[in-house]
Amino acid sequence: MSAAYSLAQLAARFGLELSGADRTVRGVATLLDAGPEQVSFLANRHYRAQLGATRAAAVVLARADRAQFTGSALVSLNPYADFARIATLFEPPTSAAPGVHPSAVIDPAASVHASASIGPHCSVAARAHVGAGVVLGPGCIVGEDCSIGAGSRLVARVTLVTRVRLGARVLIHPGAVLGADGFGLAHDAGRWLKVPQLGGVVIGDDCEIGANTTIDRGALGDTVLDEDVRLDNQIQIGHNVHVGAHTAVAGCVAIAGSARIGRECLIAGGVGIVGHIEIADRVKITAMTLVSHSIRDAGEYSSGTGIQDSRAWRRNAVRFRQLDDMARRLAALAKDEKK
Amino acid sequence: MSAAYSLAQLAARFGLELSGADRTVRGVATLLDAGPEQVSFLANRHYRAQLGATRAAAVVLARADRAQFTGSALVSLNPYADFARIATLFEPPTSAAPGVHPSAVIDPAASVHASASIGPHCSVAARAHVGAGVVLGPGCIVGEDCSIGAGSRLVARVTLVTRVRLGARVLIHPGAVLGADGFGLAHDAGRWLKVPQLGGVVIGDDCEIGANTTIDRGALGDTVLDEDVRLDNQIQIGHNVHVGAHTAVAGCVAIAGSARIGRECLIAGGVGIVGHIEIADRVKITAMTLVSHSIRDAGEYSSGTGIQDSRAWRRNAVRFRQLDDMARRLAALAKDEKK
Amino acid sequence: MSAAYSLAQLAARFGLELSGADRTVRGVATLLDAGPEQVSFLANRHYRAQLGATRAAAVVLARADRAQFTGSALVSLNPYADFARIATLFEPPTSAAPGVHPSAVIDPAASVHASASIGPHCSVAARAHVGAGVVLGPGCIVGEDCSIGAGSRLVARVTLVTRVRLGARVLIHPGAVLGADGFGLAHDAGRWLKVPQLGGVVIGDDCEIGANTTIDRGALGDTVLDEDVRLDNQIQIGHNVHVGAHTAVAGCVAIAGSARIGRECLIAGGVGIVGHIEIADRVKITAMTLVSHSIRDAGEYSSGTGIQDSRAWRRNAVRFRQLDDMARRLAALAKDEKK
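Chains as they are written, first to last, in our numbering: chain P, 1 to 339; chain D, 340 to 678; chain V, 679 to 1017.
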C-alpha cells in the first residue's frame, strides 16, 4: 500500500471538513491500531473512549464528537460511509488481467467479452454470456444459459448452475451456488417424486452474495433478488423467493420457498423464514428468530428466549411446558378472588 | 422447449381424465403465469382463487375442484405428482455426452464406465469406481475407494472425499461434501487429540443431496442414508448418523453424530438434532426446533416461542427467566386459597 | 489395512497395562462391530452394557471398568485418547507424493517447498508461500499473500482468498473458505456502500477447520484463531472474531463480527453469537443457544425452550406472548392476598 494522500486532498475529494493540522496518510486502521500515518474513524459511540489514546493521523467523525478529540479530524455527516470511501483508496488493486487462462474451458457456443478476465480452471458452458469487465477468479463454473452483467466479479469457485442472470457490478464470494434445483418433492405411492425445477435466478445490479451461500432456481418462475441486496455467508434462499431492493441479510439465514421479503429489511444472523409468507418493507428481524407467518407492518420482530446459566434455564424450560396450565390456574384464582 | 403434446396424449400417458376441450401444450407454468399453451396445476387450496383468472391451456386438479373451473382439466388422484410427471416432459435434455473431458484427471487405478460422462476439471482417484451412465459435471472430485452407482449425477463441484459409496440414481448438487472427517476429539493433557475417522458414507438408491450439504464419514462404522432420502441445501450430517428411507430434510438442518432418524420423517428447516438419540418413524419436526432427546412415537414436535414485535417480546423474555419463580408463587397462592 | 500389532506392543508403546491374554490385532471397531482381531474401547458408561457381548480382541478401558469385562483389556487413564492413538496406527497412509501436478497452476511469484504436494487443478497465486510437507488435495485455491505452515493439509477444494496465514499442522476440510470479505456495509443515501475489507486471517498451529466452514478476513485488523482451535462443518466466523486456544466449536455455529471467544470453550451445534461481545475462558454453550450479550464467568449457558408435541407446544407458545401480563396479574393477586 504505497498510496499517499494529504488530509486536505481527502477532505476535498469527499466533501469533508478538515479540522486541525494537515498530514500525509498512507492507510486506514481502527482507533486502537492506527499509527501516525493512518486514518481512523468513530461511527459507534461505544468506541468514543478510544479517541483519547489513538495515535491516528486523523479521525473521521461527526461534528458532535469533534470536541472530544484534540487531534486532526475529518468532520463528516456520515463518518462510516466516508471512512469506507477513504479506505477504498488504499485497497490493493486486483491483479486480474483481461483474457482467458489457458486452463479454462470455454464452450464454443458461449460468449465472453474481450475485456473479461477468466481465471484458471474455470468452465463456461454453452449459451452463457460473460459481460464487459467481468472477473471470474479461479475455479468458477458458469452453466448453460447463464449471463453475467458488466463489471461483476466472481471471486473464486462460484457456481452458476443454469439459467442464472446476474446484473451489473454483482460481487459473489467463493463457494456460493446459484441456480441449483429447488427442493420440490411430491408424495407418490410411498415414495418421493422429484418435481422438475425449470425456472432460473435473477440477481439485480450491485448485489453482493457471501461465501457458501446458496440460491436455488425457481420451480416454474424465477428466484429474484432486486438491486443492491446484500447477503452474507452461508445463507440459504429457496426456490421462488423474492427479496426486495436494499435488503441486507446476515449469515446463516434460511429463507424457504416462495417467501417474499420487502425492501430495506434487515435480517439478522441465523433467522429462519418459512415458505409462502410475505414480509413488509423496512422490517427488522433479530438474531435466530423464526418468522412463522407474514409480517404486515414495518418494525422490529423477535422470537426465542434470553440466555441464562443452564441450571436456571432448565428450571424455567420445564415450566414453559406447563405454561398453558399455569395461565389457566392463574385465571381461576383471579376469578375466585372476585367472588 | 419445443416439445408439444395434446392433452389427450398426456391423459393417456399418465392415466388422467381429460375433462373439456383437447389442446396442444408446449410447457408448464403456475396458474398466474401460464399462457394458452401451458399446463398448470392446483394442489394447494390456498391457490384455488386463482383458477378463475388463469389463462392455462389446462389445469391438473382433483375431482373435487373440477366444478370450480370452466376450462380444460386433467383430473387426477394426485395432482402435484401428476403435474411433476408432465413437467418432466418439458425439461431441457442434459447435454452431457459420454466420455472424459481432456482437462479431467483420472487415476490409472480408477475404473470409469464407458457410458459415463466426466466433465472439465474433474479428478477421479485410485480405486474409485464410476458406474454406467453416471454424469459428473465440472469440477467434481471423487476420492480414493469411492463408488458411484449407475445413473447417478453429480451436478458440479461435488466432493466425495474417501470411502463414499453411492447407490443408483443418486443426485447431488454443487458444493456438497461427502466423506469428510467427522468431528472426533479426545481431551488429552489440556490439548485436543484427533480421533481417526476410519469409516465411510453409504448413500442408498434414489437419494438427493442439496447444494453445500455436508455428510461426514463414520468414525468406525459408516454414516448411512437409506434409499429415497431427500436432503435440501446446507444440511450437516455428523459421523455415524443413520437416516431411514423416504425421510425428507429441509435446508440448514444439523444432525449430530450417531443420531438415528426413522423412515418417512419430515424434518423442517433449521432443526437441530443432538447426537446419540433416536427418532421414530413418521415423526415430523417443525422449523428451528431443537431435538434434545429421543422421540419414541410418531407425531409432530416443536420447540421455541412465537414471533412478536421486539418490544413485547423483550418484556416476555425477561419473564421467562422468572418462570420457575412464578410457578412457585402461583402454587403458593393456590395453596393459601384452599386453606 | 494390513498392519498388525500384539496387545503387548500396544501396551508398551502407549504406556497402558495389558490385563488378560495377549493377541494379535489388525484394526479397530466399536464394541458392537468388533471382530476377534480388532481393538475396541469403552469411554462412555452409556455403552458399558455392550461389554458383555463384544467379540473384540481387547477393549481399552478405565481401571474402574476392568471388573465388568472378562476378555483382554488395555487399562488406561484416558481410554478415549489412548484408543485414538491406537486407531492412528490403522489409518491408511496418505497417497500424496511431493511435487506439483501438471494440471495445477502456480504463479511464478509464488513459493512452494520442494517437499509439498500440490494436487490436480490447484492454483497458487502470486506471493503465496506453501511450506514444507504441505499437502494440497485436488482443487485447492491459494490466493495472493497467503502462507501455509509446515505439515498442513488442505484436503480438497479449500479456498484461501487473500492474506490468510496458516500455522503448522493445520487441517482444513473440503469446501472451507478462509479470507473472503467480511460483511461490512455503510448506509449511504438509501443505498449500501461496501466497506473495504483489508485485513487477513491468522490460524494458529494444530487447528482443524471443517467442511464448508467460512472464516472472513478482518475489516482492518485480522480474524484470529489461536492454536489448537477445532471447528466442525458449516461454521461461520465473521470478520475480526478472535477464538482462544483449545476452544472447540460444533457444526453450524455462527459467530458475528468482532466477537471474542475465550480459551477452552465448548460451543455446541447451531449456537449463534452476536457481534462485539466477549465470552470468558472455559464457557460451555448448549445447542442452538443465542448468546446475545457478553459472558464474564466460566460455566454453562443455554437459551430456548424444550421440545414437546406440537399441540401442547402451541398452547404454551401462545401463553409465552402473555407472559408479562401473567406476571403482572400474579403480582397483583399476591398483593391482594396480603391485604
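From the three backbone atoms N, C-alpha and C, an ideal C-beta is built for every residue, glycine too.
Rounded straight-line distance, which links the Cα of residue j to that of residue i
i, j, result
"K695/D", "H971/V", "The first residue shown for chain D is 340 and the last is 678, placing residue 695/D beyond what the model contains."
"M1/P", "P92/P", "Its pLDDT being 44, under 50, M1/P is placed unreliably by the model, and the measurement read from it follows with that caveat. One C-alpha to the other measures close to 7 angstroms."
"D1022/V", "A923/V", "Since the first and last residues shown for chain V are 679 and 1017, residue 1022/V lies out of range."
"G342/P", "L166/P", "A question about residue 342/P goes unanswered here, because the residues of chain P that appear run from 1 up to 339."
"T625/D", "Q50/P", "46 angstroms"
"V361/P", "G543/D", "The structure shown does not extend to residue 361/P, since chain P is modelled only from 1 through 339, so no value can be given for it."
"S310/P", "G577/D", "25 angstroms"
"A651/D", "D1002/V", "8 angstroms"
"A1009/V", "F320/P", "19 angstroms"
"E264/P", "G199/P", "26 angstroms"
"T159/P", "C140/P", "6 angstroms"
"P275/P", "V399/D", "Inspection of the sequence shows that residue 275/P is occupied by Gly rather than by Pro. Between G275/P and V399/D, the C-alpha separation is close to 23 angstroms."
"S450/D", "N551/D", "27 angstroms"
"Y344/D", "D620/D", "41 angstroms"
"F719/V", "K872/V", "53 angstroms"
"R1006/V", "V367/D", "57 angstroms"
"A681/V", "F692/V", "17 angstroms"
"D823/V", "A787/V", "10 angstroms"
"D33/P", "V610/D", "41 angstroms"
"V580/D", "Y640/D", "20 angstroms"
"D904/V", "A846/V", "12 angstroms"
Proximity winner among the options, relative to residue i (alpha-carbon distances)
i, options, result
"P155/P", "D181/P, G131/P, D226/P and L171/P", "A small correction: the amino acid at residue 155/P is Val; Pro does not occupy that position in the sequence shown. Taking only the C-alpha atoms, the option nearest V155/P is L171/P."
"G951/V", "H724/V, G730/V and S981/V", "Reading off the sequence shown, one finds Ile at residue 951/V, where the question assumed Gly. Nearest C-alpha to I951/V: S981/V."
"S793/V", "G809/V, G877/V and A990/V", "G809/V"
"A467/D", "G410/D, A412/D and V444/D", "V444/D"
"D107/P", "D281/P, G143/P and V39/P", "G143/P"
"G815/V", "G698/V, C824/V, S684/V and R831/V", "R831/V"
"V582/D", "Q573/D, G601/D, L416/D and G596/D", "G601/D"
"P852/V", "A186/P, R163/P, R157/P and A280/P", "R157/P"
"G257/P", "L266/P, I277/P and A248/P", "I277/P"
"V540/D", "P418/D, Y419/D and G560/D", "G560/D"
"H799/V", "P102/P, A109/P, P98/P and H113/P", "P102/P"
"A176/P", "G119/P, E227/P, Q236/P and A186/P", "Q236/P"
"D228/P", "G868/V, I973/V and L1011/V", "G868/V"
"I646/D", "A423/D, N655/D and E639/D", "N655/D"
"A464/D", "T427/D, R502/D and L428/D", "R502/D"
"Q875/V", "P79/P, L89/P and T54/P", "L89/P"
Nonlocal neighbours in the same chain, by C-beta distance under 6 angstroms from residue i, ignoring five residues either side
i, result
"E715/V", "V703, R704 and A735"
"G608/D", "A589, G590, C591 and A626"
"Q407/D", "L390"
"V812/V", "A794, I826 and S830"
"L909/V", "I887, G888, T891 and V927"
"W531/D", "L524"
"A668/V", "Given a span of 679 to 1017 for chain V in the structure shown, any question on residue 668/V remains unanswerable."
"S462/D", "V444 and I480"
Cβ-based neighbour list, residue i, same chain, cut-off 8 angstroms, excluding 5 preceding and 5 following
i, result
"G347/D", "Looking at the sequence itself, residue 347/D is Ala, so the reference to Gly does not match. Cβ within range, chain order: L357 and D361."
"A350/D", "E356, L357 and L413"
"N911/V", "H851, G888, A889, N890, T891, G929 and C930"
Outcome for residue i when other beta-carbon atoms lying within 10 angstroms are tallied against a minimum of 16
i, result
"T409/D", "exposed"
"R384/D", "exposed"
"G797/V", "buried"
"T247/P", "buried"
"A932/V", "buried"
"A598/D", "buried"
Proximal residues to residue i (C-beta, below 7 angstroms), its chain only, five neighbours per side dropped
i, result
"T369/D", "S379"
"A637/D", "A619, D620, R621 and V622"
"R402/D", "V414"
Any 3 or more C-beta pairs closer than 8 angstroms across the segment 510 to 528 of chain D and the segment 547 to 557 of chain D | yes
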